[in-house]
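Asks: Just so we're aligned: 666 in my numbering is position 32 of the sequence shown, and the numbers increase by one with no gaps anywhere.
Even for Gly, the Cβ is constructed at its ideal location relative to N, Cα and C.
Please read through the structure below; I'll follow up with questions.
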Amino acid sequence: MAVGKSITKDMIINDVIKRYPQTIAVFNAYRVDSCCGGGRSIEDTARADGVDVASLLAALNAAIEARAEGVR
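And the structure:
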């Protein structure tokens, strides 16, 4: 992964979606509230939704890495 291009638990969901629209599918797959919870951090929203933060972050970063490599 390119330096400076990773998603962290402290990032705000709406900011992530704006920068990396391909992450919408990941948030939906994990059933993380990216609408009403979009103004909160990934960690706060994932925990509130009962989602493992590490697994979610791995999937989000895989999505942006795949896009960077041209995989859709």
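Residues in its own chain within less than 6 Å of Met635 by CB, not counting five upstream and five downstream?
Replies: Note on Met635: pLDDT 42, under 50, position unreliable in the model; the coordinate value appears next. Glu699.
Asks: Going by DSSP in three states, Ser689 sits in which element: helix, strand or coil?
Replies: It is helical.
Asks: Since Ile665 and Asp649 are thought to touch, with beta carbons under 8 Å apart, how far apart are those beta carbons, to the nearest angstrom?
Replies: The sequence as given places Arg at residue 665; Ile does not occur at that position. Not confirmed; about 20 Å, so no contact.
Asks: Helix, strand or coil, according to DSSP, for Ile641 in the structure here?
Replies: The answer is coil: DSSP assigns Ile641 none of H, G, I, E or B.
Asks: Buried or exposed for Ser689, going by 16 or more other Cβ atoms inside 10 Å?
Replies: Per the 10 Å Cβ criterion, exposed.
Asks: In or out: Ser668 buried (at least 16 other Cβ within 10 Å) or exposed?
Replies: Buried, by the Cβ-count rule.
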